[in-house]
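J.: Going line by line, the protein sequences match chains A and B. The first sequence finishes on residue 960 if you use my numbering, and the numbering steps up by one all the way, no holes. The second sequence finishes on residue 105 if you use my numbering, and the numbering steps up by one all the way, no holes. Glycine included, C-beta positions come from ideal geometry on N, C-alpha and C. This one's a predicted model, so the numbers in the text were calculated from it and none came from an experiment. Before we start, here is the structure in question, set down as structure tokens.
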Amino acid sequence: TGGHTTEILRLLSCLSESYSPRHYIFADSDKMSEAKIRSFEQKRAETSSNSQFTLDRIPRSREVRQSWTSSVVTTLYSILYSLPLTYKLKPDLILCNGPGTCVPVCLSALLLGLLGIKRAIIVYVESICRVETLSLSGKILYYFADYFIVQWPDLKEKYPKSVYLGRIV
Amino acid sequence: FRFKESLAEELRGADLVISHAGAGSCLETLEEGKPLIVVVNEKLMNNHQLELAKQLHRDGHVLCCNCSALVETLQSMDLSTLKPFPPGQPEKFALFLDKVVGFQ
Chain A
792 TGGHTTEILR
802 LLSCLSESYS
812 PRHYIFADSD
822 KMSEAKIRSF
832 EQKRAETSSN
842 SQFTLDRIPR
852 SREVRQSWTS
862 SVVTTLYSIL
872 YSLPLTYKLK
882 PDLILCNGPG
892 TCVPVCLSAL
902 LLGLLGIKRA
912 IIVYVESICR
922 VETLSLSGKI
932 LYYFADYFIV
942 QWPDLKEKYP
952 KSVYLGRIV
Chain B
2 FRFKESLAEE
12 LRGADLVISH
22 AGAGSCLETL
32 EEGKPLIVVV
42 NEKLMNNHQL
52 ELAKQLHRDG
62 HVLCCNCSAL
72 VETLQSMDLS
82 TLKPFPPGQP
92 EKFALFLDKV
102 VGFQ
């Protein structure tokens, strides 16, 4: 969604051509991200020959401030969708930055890894908006991501297993 | 104006920006190098949005006030005290990621 998409596209901006093909997954309720992604990929295609990408939508895991119990239900529903999608894509690397949408995808990838089907490296970058506290996605994925990146020193102190590279978006 | 794709054009033409504490608004404005007054909505005090606004204020990049103090702030502000906001460095992320996946 919105800010998350802008941030992740900035993260992608300096990645080499080797990071291909790129599979974008976002919430079905998201109206603006598709346009941003296509615009980004179009500019990229102007300078690199290898520009394969796909777009997939999954049900949104959780609305802002949705209650705990109903969040569990909607997240499970999202996992039902993301499991076959992740299985189909079999990513080597998952890059995510915080919308609820990323949790079911990462959990699906973890499951596929546990089952010996495909082991993906999970890299989570917490949003630049998060200075003192982690988002809910961050609190969950801090324990499951291979690399958990924060953008402010306070968070690095609170979450010692995290990686601090300064502001990267 | 409701959901314009980007305010970049408007920002470039502005001398001063007054905004809510939304991250996108704050960062876009600072990246254009424009002075920014962030108006904080007290009714949303528990909103994590405030974290970034508070930090930017602590670091001297923005002026901060609540709705009722806005007029006073505009009258007494000294924009020369604001520090420029250096851009983020996605290159550092790219370097890190290359090491992680084994591209050297």
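Relative to the alpha-carbon of Val960(A), which residue among His795(A), Ser873(A), Arg801(A) has its alpha-carbon at the smallest distance?
T.: As a first step, residue 960(A) must be located in the first sequence, where it is residue number 169. Taking only the C-alpha atoms, the option nearest Val960(A) is Arg801(A).
J.: How would you call Asn42(B), buried or exposed, if buried means at least 16 neighbouring beta carbons within 10 angstroms?
T.: For this step, residue 42(B) is matched to residue 41 along the second sequence. If you draw a 10 Å sphere on the C-beta of Asn42(B), you find fewer than 16 other C-beta atoms in it, and that means exposed.
J.: Which residues does DSSP pair with His21(B) in a beta bridge?
T.: Working through the second sequence from its first residue, we reach residue 21(B) at position 20. His21(B) is not bridged to any residue.
J.: Going straight from the alpha carbon of Ile912(A) to that of Lys55(B), what length do you get?
T.: Position 121 of the first sequence, counted from the first residue, corresponds to residue 912(A). Position 54 of the second sequence, counted from the first residue, corresponds to residue 55(B). Each residue's Cα considered, the two are about 34 Å apart.
J.: Taking Cβ-Cβ distances shorter than 8 Å, what residues in chain B pair up with Arg801(A)?
T.: In the first sequence, counting from the first residue as 1, residue 801(A) sits at position 10. Residues of chain B passing the Cβ test: Gly89, Pro91.
J.: For Leu876(A), which residues of its own chain have a beta-carbon under 8 Å away from its beta-carbon, when the five flanking residues on both sides are left out?
T.: In the first sequence, the residue the question calls residue 876(A) occupies position 85. Within the same chain, Leu876(A) has close Cβ partners Ile816, Asp847, Ile849, Val896, Ser899.
J.: Between the stretch 897-923 of chain A and chain B, which residues of the former have CB atoms less than 8 Å from a CB of the latter, in chain order?
T.: Ile912, Val914, Val916, Ser918, Ile919, Cys920, Arg921, Val922, Glu923
J.: Contact criterion: CB-CB distance below 8 Å. Does Gly929(A) meet it with respect to chain B?
T.: In the first sequence, residue 929(A) corresponds to position 138, counting from 1. Gly929(A) has a beta carbon lying at 8 Å or more from every beta carbon in chain B.
J.: Give the DSSP-derived three-state secondary structure of His58(B) in the structure shown.
T.: In the second sequence, counting from the first residue as 1, residue 58(B) sits at position 57. Here His58(B) sits in helix by DSSP.
J.: Where Ser807(A) and Leu932(A) are concerned, what is the direct C-alpha to C-alpha distance, given to the nearest angstrom?
T.: Along the first sequence, one-based indexing puts residue 807(A) at 16. Along the first sequence, one-based indexing puts residue 932(A) at 141. Whole-angstrom Cα-Cα distance: 26 Å.
J.: Taking Ala95(B) as the reference, give the member of Arg856(A), Tyr810(A), Lys822(A) with the closest Cα.
T.: For this step, residue 95(B) is matched to residue 94 along the second sequence. When only C-alpha atoms are compared, the closest one is Tyr810(A).
J.: Taking 7 Å as the limit between beta carbons, can you name the residues of its chain near Gly23(B), skipping five residues before and five after?
T.: For this step, residue 23(B) is matched to residue 22 along the second sequence. Gln50.
J.: Under a Cβ-count criterion, where at least 16 other Cβ atoms within 10 Å of its own Cβ denotes burial, should Trp859(A) be classed as buried or exposed?
T.: Position 68 of the first sequence holds residue 859(A). Looking at its Cβ environment, which holds fewer than 16 other Cβ atoms inside 10 Å, Trp859(A) is exposed.
J.: On the CB-based measure, 16 or more other CB atoms within 10 Å of its CB, does Arg851(A) come out buried or exposed?
T.: Here residue 851(A) corresponds to residue number 60 of the first sequence, with the count starting at 1. Buried, because 16 or more other Cβ atoms sit within 10 Å of the Cβ of Arg851(A).
J.: If we cut at 8 Å on Cβ distances, does Trp943(A) have a partner in chain B?
T.: Here residue 943(A) is taken as the residue at index 152 of the first sequence, counted from 1. Taking Cβ atoms only, chain B reaches closer than 8 Å to Trp943(A), which makes this a yes.
J.: What beta strand (DSSP E) runs, 3 residues minimum, are completely inside the stretch 879-951 of chain A?
T.: 884-887, 912-916, 938-941
J.: Please report whether the beta-carbon of Val960(A) lies at a distance below 8 Å from any beta-carbon of chain B.
T.: Within the first sequence, residue 960(A) is the residue found at index 169, counting from 1. Val960(A) belongs to the set of residues whose beta carbon lies under 8 Å from a beta carbon in chain B.
J.: For Cys27(B), which of helix, strand or coil comes out of DSSP?
T.: As a first step, residue 27(B) is located in the second sequence; it is residue number 26 there, counting from the start. It is helical.
J.: Measuring only the C-alpha atoms, how far is Leu28(B) from Leu906(A)?
T.: Translated into positions along the second sequence, residue 28(B) becomes position 27. Translated into positions along the first sequence, residue 906(A) becomes position 115. Approximately 42 Å, taken between the alpha carbons.
J.: Against chain B, with Cβ distances strictly below 8 Å, would Tyr955(A) count as a contact?
T.: What you label residue 955(A) is simply residue 164 of the first sequence in a count that begins at 1. Chain B, which has no Cβ nearer than 8 Å to the Cβ of Tyr955(A), makes this no.
J.: Can you find the residues in the same chain that come closer than 6 Å, C-beta to C-beta, to Ala936(A), ignoring five residues on each side of it along the sequence?
T.: For the purposes of this step, residue 936(A) is taken as residue 145 along the first sequence, with counting starting at 1. Hits under 6 Å: Ile913, Tyr915.
J.: Count the other CB atoms within 10 Å of the CB of Leu827(A); is the residue buried (16 or more) or exposed (fewer)?
T.: The count along the first sequence starts at 1 and reaches residue 827(A) at position 36. As written in the sequence, residue 827(A) is Lys, which differs from the Leu given in the question. Counting Cβ neighbours within 10 Å, Lys827(A) comes out buried, since at least 16 surround it.
J.: Just tell me which of Ser861(A), Lys879(A), Lys909(A), Ser926(A) has its CA closest to the CA of Gly893(A).
T.: Position 102 of the first sequence, counted from the first residue, corresponds to residue 893(A). One point to set straight first is that residue 893(A) is Cys, not Gly, in the sequence displayed. The shortest Cα separation from Cys893(A) among Ser861(A), Lys879(A), Lys909(A), Ser926(A) belongs to Ser926(A).
J.: Mapping the DSSP letters down to three states, classify Tyr872(A) as helix, strand or coil.
T.: In the first sequence, counting from the first residue as 1, residue 872(A) sits at position 81. Helix at Tyr872(A).
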